[in-house]
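Counting along the sequence shown from 1, when you hit position 39 you're at 47 in the numbering used here, and nothing is skipped either side. Using N, Cα and C, we set each Cβ at its ideal position, and we do this for glycine too. From a predicted model like this one, the values you see are computed outputs, not experimental measurements. Notes for the one structure printed next.
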Amino acid sequence: MRRLPRIRAFLVLASLLSLWAPVPGRSENNAMSASAATPSPESEVASALASYDQTLRPDMLRQAADAAAREDGNPPADPAAAPAEARARVKMWTDILSRFRRDLDPGFDPTQPPSQAVQAPVVHGRRVFPLQRPADLTDPEERAALEKAIAERNTRVAQFERMATLAAVHGAVLEKAENSLRDARDVLGLSPAEIDAALAAADIAAADRHALHAAVAR
Numbered sequence: 009m010r011r012l013p014r015i016r017a018f019l020v021l022a023s024l025l026s027l028w029a030p031v032p033g034r035s036e037n038n039a040m041s042a043s044a045a046t047p048s049p050e051s052e053v054a055s056a057l058a059s060y061d062q063t064l065r066p067d068m069l070r071q072a073a074d075a076a077a078r079e080d081g082n083p084p085a086d087p088a089a090a091p092a093e094a095r096a097r098v099k100m101w102t103d104i105l106s107r108f109r110r111d112l113d114p115g116f117d118p119t120q121p122p123s124q125a126v127q128a129p130v131v132h133g134r135r136v137f138p139l140q141r142p143a144d145l146t147d148p149e150e151r152a153a154l155e156k157a158i159a160e161r162n163t164r165v166a167q168f169e170r171m172a173t174l175a176a177v178h179g180a181v182l183e184k185a186e187n188s189l190r191d192a193r194d195v196l197g198l199s200p201a202e203i204d205a206a207l208a209a210a211d212i213a214a215a216d217r218h219a220l221h222a223a224v225a226r
């Protein structure tokens, strides 16, 4: 009878230890779950492009490019899946670059920023000098004209800054696309002829098509 408390204490301790013991295969299952939860590059690119189309934020194009290049250098476990993966990769890049064709002014020159000056409007036959604040003007027509001139200046500057950012992102994305398509050729085995055919049918700028063609031909 005296041994019963000790036996009970041992059983309680064993029960507690069993709760802390690792479950066989738990780490493997967690790794598989995490892998299954990772979105595909195609879905990430589509999501980033949808966000860009809605917001016109250039960083969304950079994010799309990072997703498109995520599997560079990693052949699929099943070699038979390589051609389909390569074709999907080419499409991701042409989808991304089509946004630059649509939104990037081909004649944009980053070395020619607009003037920061506000053009003085003429009201009642005299100029309204922009050194004044619109709120200080008592004449409503003069105040409205100066406000409009300031807004036009701000719009010009903002448009230039956005175009400069888009041009910089375009350069980085194009370079990444060149490397990724060469990888589709070398690692995934897609022929240069098939890549060129996809580029020829894509809605991308001629200069981008030429650059990608040259990259794949090297």
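A straight line joining the alpha-carbon of Leu-57 with that of Ala-159 spans about 30 Å. In the structure shown, Arg-78 falls within a coil segment according to DSSP collapsed to helix, strand and coil.
In this structure, the straight-line span from the alpha carbon of Ala-90 to that of Thr-173 is close to 35 Å. If only uninterrupted alpha helix (DSSP H) runs of at least 4 residues are considered, those enclosed by the stretch 61-122 are 66-76 and 90-111. Runs of the alpha helix (DSSP H) lying entirely within the stretch 123-209 and spanning at least 4 residues, in chain order: 148-194 and 200-209.
In this chain, the alpha helix (DSSP H) harbouring Ala-214 covers 214-225. By the 16-neighbour rule on beta-carbons within 10 angstroms, Ser-199 is exposed.
Of the residues assessed, Asp-147 falls on the exposed side of the cut-off, its CB having fewer than 16 other CB atoms within 10 angstroms.
C-alpha of Ala-192 to C-alpha of Arg-170: approximately 32 Å in a straight line. For Glu-52, same chain residues with a beta-carbon under 7 Å away, outside a window of 5 residues either side, are Ala-75 in chain order. Closest option to Ala-88, judged by alpha-carbon separation, among Asp-67, Gly-197 and Asp-61: Gly-197. Under the 8 Å Cβ criterion, the stretch 100-109 does not count as touching the stretch 150-164, having fewer than three qualifying pairs. Asp-216 and Leu-105 do touch by the CB rule: their CB atoms are close to 5 Å apart, below 8 Å. In the three-state reduction of the DSSP assignment, Pro-49 falls in the helix class, which pools H, G and I. Between Ile-212 and Arg-109, the CB-CB gap stays under 8 Å. C-alpha of Pro-129 to C-alpha of Ala-143: approximately 16 Å in a straight line. Around the beta carbon of Pro-66, a 10 Å sphere encloses 16 or more other beta carbons of the protein chains shown; the residue is thus reported as buried.
Just measuring C-alpha positions, the residue of Val-195, Val-224 and Ala-209 sitting nearest Glu-93 is Val-195. Counting of Cβ neighbours within 10 angstroms places Ser-48 among the exposed residues, the total staying below 16. Ala-54 and Tyr-60 have their C-alpha atoms spaced approximately 10 Å apart. For the pair His-132 and Pro-122, the Cα-to-Cα distance works out to about 28 Å. Rounded to whole angstroms, the Cβ separation of Ala-157 and Val-177 is 31 Å, and the two are not in contact under 8 Å.
Just measuring C-alpha positions, the residue of Leu-182, Glu-202, His-218 and Pro-118 sitting nearest Arg-107 is Leu-182.
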